[in-house]
Structure formats: structure tokens, C-alpha cells
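Working notes, beginning with the structure itself.
Residue numbers (the numbering used here): 1 to 258.
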């Protein structure tokens, strides 16, 4: 894993618990492109972009993800035993693991277009007390809120309170539109995820997670990502998340069955 020096940036939170049922290839965190897994590349993008450390929430395929991520003192794995309940439980798991008093940058694992420069831009734009979200223009030119999202420390407890099922923080973001600041990242990333087999060509973007994006490679159009093997590295801690509590133990997105 590459990463910046530990600093005062937000803690990164990667939601990587889903089983990838609609895709039909197992957990999306374990998809490979350009010799590396999706979860490795997302973690690297967050660290290189300025996150002080990263927490990865696992569920389906938890042991394999933890093995891939073993070796870095900047990465922690939180195992969500309730991952099948949906993204809400994984968001709660991650935020409870991180604890209060910390700004948190959140992204689901199935966003291969995220690169270090996008993370840097989002962190630089964030203001105290705000919620800051990357946004991307659709085919009609409309700016659409997406991921990553930076939650100021004052909002994380409320996110834990409202997250449920597969909704995540959507209710909070809708209720507090006035303090949600959008950062246009359309020049870096189109904001699309990997959800069905037709999206697999987007894995070609995984070779750019830690470098600056360019207009030449920020779109996932074309075919790439050969699913080849790669050597994984990263997790200094594993946490088991049971019903209503976080406890340390061995073992070892929306974190739905998507």
C-alpha cells in the first residue's frame, strides 16, 4: 500500500461488505483489474489523497479481504456480522469503529474511478461543520451527488442514528441539503460504480488510484481489467461487529448483498 504520512486529514471509510449478488462474481471488494483488487486500490486512493488512515468494513468474503489487506499500520478492518441487512449496518459498524470526534470520508468499494486527486480535491474543499460530497455530471450536464462524501465530526453520530437497511446516510443528506457542499469532480471521474457484468470494463481504471487522473483516462468506456492475480497487502487490526456492539476479536458499500 502506498500512502501519505499520517496527518490531520479525515479517516477514510470503505464499505466493502456486500456479496455482489447482482454481479454474480462474489464480493466486489475482491474483483481484480490490472493485477490488484478493488479494495486495495480504493484504500490506496484514500491514503494517497490525504486520509490519515482507513477503516474497511467487511462482511461477505471477510477472511479473504482481511488477508489481502494485511500489513499496513494505516488500515483497519471492521467485520460486520450484520452485513446482509444492508448498507446501513455497515455504515454504522464503520463509524462506531472509528468513534466520535473525527471527520470521516466515506465511499463504497465498487467505485473504481476514484483516484487520489479526487480525494485531495474533496478534502481541500471541506469546511468545518459541513458535509462535502463529490459530484459528477450526467449525460444532461446535471451535477449529481455521489461518493466519496466527507462527514464533519459533528454529523457522524447522527449518521449512525439514521442509517438503516440499504439507505445509509441518504435521509440525513436530504434533510440537510443546506449544509451539503458539492465538489465537481467530473473532470476526474464519472461517478459510476460496478453493479452488473456490463460494468466490468471499469476495472481498467484500477491502475490510476494513487496517481493524478487525466481527462484521457477518467472514463470507464473501453474494455480492460483482465482479472489477473496480484499480491495483496494491508490490515493491522480486525474487529468483529455483532448485534449492537463492536468487539475486538480474531478473524478475519454499500454493504448490502449487491
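Glycine included, each C-beta is placed from N, C-alpha and C at the ideal position.
Nearest candidate by alpha-carbon position, reference residue i, set the options
| i | options | result |
| --- | --- | --- |
| residue 149 | 56, 126 and 64 | 126 |
| residue 32 | 76, 10 and 112 | 112 |
| residue 71 | 45, 85, 181 and 40 | 40 |
| residue 48 | 155, 160 and 123 | 123 |
| residue 80 | 158, 17, 171 and 183 | 17 |
| residue 139 | 153, 192 and 173 | 192 |
| residue 262 | 161, 160, 183 and 63 | Residue 262 cannot be examined here, being either before or after the span of the chain that is shown, 1 to 258. |
Start and end residues, alpha helix (DSSP H) containing residue i
| i | result |
| --- | --- |
| residue 82 | Per DSSP, residue 82 belongs to no alpha helix (DSSP H) and is neither H nor E. |
| residue 94 | 87–98 |
| residue 172 | 170–175 |
| residue 117 | 116–125 |
| residue 159 | 156–162 |
Opposing strand residues paired with residue i [DSSP bridges]
| i | result |
| --- | --- |
| residue 181 | 132 |
| residue 16 | 58 |
| residue 104 | 11 and 151 |
| residue 39 | Looking at the DSSP assignment, residue 39 forms no beta bridge with any residue, so it has no partner. |
| residue 53 | 11 |
| residue 137 | 143 |
Residue i, buried or exposed, once every other Cβ within 10 Å from all chains shown has been counted against 16
| i | result |
| --- | --- |
| residue 8 | exposed |
| residue 177 | exposed |
| residue 50 | buried |
| residue 58 | buried |
| residue 323 | For the chain, the structure presents residues 1 to 258; residue 323 sits outside this window and is missing. |
| residue 129 | exposed |
| residue 165 | exposed |
| residue 235 | Residue placement at residue 235 is flagged as unreliable, the pLDDT there being 30, under the threshold of 50; a coordinate-derived value is accordingly withheld. |
| residue 60 | buried |
Beta-carbon separation (whole angstroms), residue i vs residue j, contact threshold 8 Å
| i | j | result |
| --- | --- | --- |
| residue 188 | residue 194 | At roughly 18 Å, the Cβ-Cβ gap does not stay under 8 Å, so residue 188 and residue 194 are not in contact. |
| residue 15 | residue 94 | 7 Å |
| residue 151 | residue 104 | 5 Å |
| residue 78 | residue 97 | 4 Å |
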